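Below is one structure, written out as structure tokens; comments come after it.
Residue numbers (my numbering): 27 to 242.
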């Protein structure tokens, strides 16, 4: 079984590091989903490794002569229920549908992607910035991990943190959010750096104003 403190990594790296087609595909995914500019490939490999585990389990169940009862029936039910709760399969899907899940589906279930899809951020990279700086709540818990996989039941509980300046609907960022989303989609990622600079400067101004009031 092995020593727990010497656990093996669950992320598998590519067998060949210099395949141009794979590199181009991963660069495209990194830009589309706003992954880290340095180290973003490892986030993709992590999702590919998780997807590979799901597919291997599904193929093992498909290869059984009869998995409609007993231990394998329970294992199949648990697999489908788990993937359905994660938003990767529709209700009533079959085990064969697991093989149709792609890495894009996996990446689209990350908290960073859901925050953007829910309209809480103008772009993918801006969504990552909001999460890392503690502006986003999942239910009642502040979540600072962009790669957290959001369950279907948690989607409607996403919101701004009460301690975040963006929780105020009158905040300029909230008022200009739709415009920022439109310009971000039209012009690409150039809007991200501008948003980050604006958010950082606004936060610094608010902190300085608070310190002045305390001195008074």
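C-beta atoms are modelled at their ideal positions from N, C-alpha and C, and glycine is treated no differently. The structure displayed is predicted, hence computed values, not measured ones.
Going by the CB atoms, is the gap between residue 105 and residue 121 shorter than 8 Å? yes
Helix, strand or coil at residue 129 [DSSP, three-state]: helix
Please name the residue in 144, 123, 132, 44 whose C-alpha comes closest to that of residue 83. 123
Cβ separation of residue 60 and residue 154, assumed to be a contact under 8 Å, to the nearest whole Å: 5 Å
Pull up the distance between the alpha-carbon of residue 88 and that of residue 46, whole angstroms please. 33 Å
What I want to know is whether the C-beta of residue 153 ends up closer than 7 Å to one or more non-hydrogen atoms of the ligand NAD. Judged by which ligands are present, the structure shown has none, so any question about the ligand NAD falls away.
Report all residues from its chain with a CB closer than 6 Å to the CB of residue 132; omit the five preceding and five following residues, and keep chain order. 73, 77
DSSP three-state label for residue 292, please. What the structure shows of the chain is the stretch from 27 to 242, and residue 292 is not part of that stretch, so it cannot be assessed.
Count the CB pairs spanning the region 181–193 and the region 141–149 that are closer than 8 Å, and state whether there are at least three. yes
Measuring alpha carbon to alpha carbon, tell me which of 207, 38, 188, 169 ends up nearest residue 14. Residue 14 lies beyond the stretch modelled for the chain, which goes from 27 to 242, so this question has no answer here.
Could you give the distance in angstroms between the alpha-carbon of residue 40 and the alpha-carbon of residue 201? 44 Å
Comparing alpha-carbon positions, which option in 51, 38, 156, 137 lies nearest residue 199? 156
Can you tell me whether residue 142 is helix, strand or coil according to DSSP? helix
Whole angstroms is fine: what's the gap from residue 187's alpha carbon to residue 162's? 5 Å
Taking 6 Å as the limit between beta carbons, can you name the residues of its chain near residue 160, skipping five residues before and five after? 168, 170
Put residue 55 into one of helix, strand or coil per three-state DSSP. helix
Through-space distance from residue 53 to residue 66, alpha-carbon basis: 9 Å
Use the C-beta contact count for residue 69: other C-beta atoms within 10 angstroms, 16 or more gives buried, fewer gives exposed. buried
Opposing strand residues paired with residue 26 [DSSP bridges]: What is shown of the chain runs 27 to 242, which leaves residue 26 out entirely.
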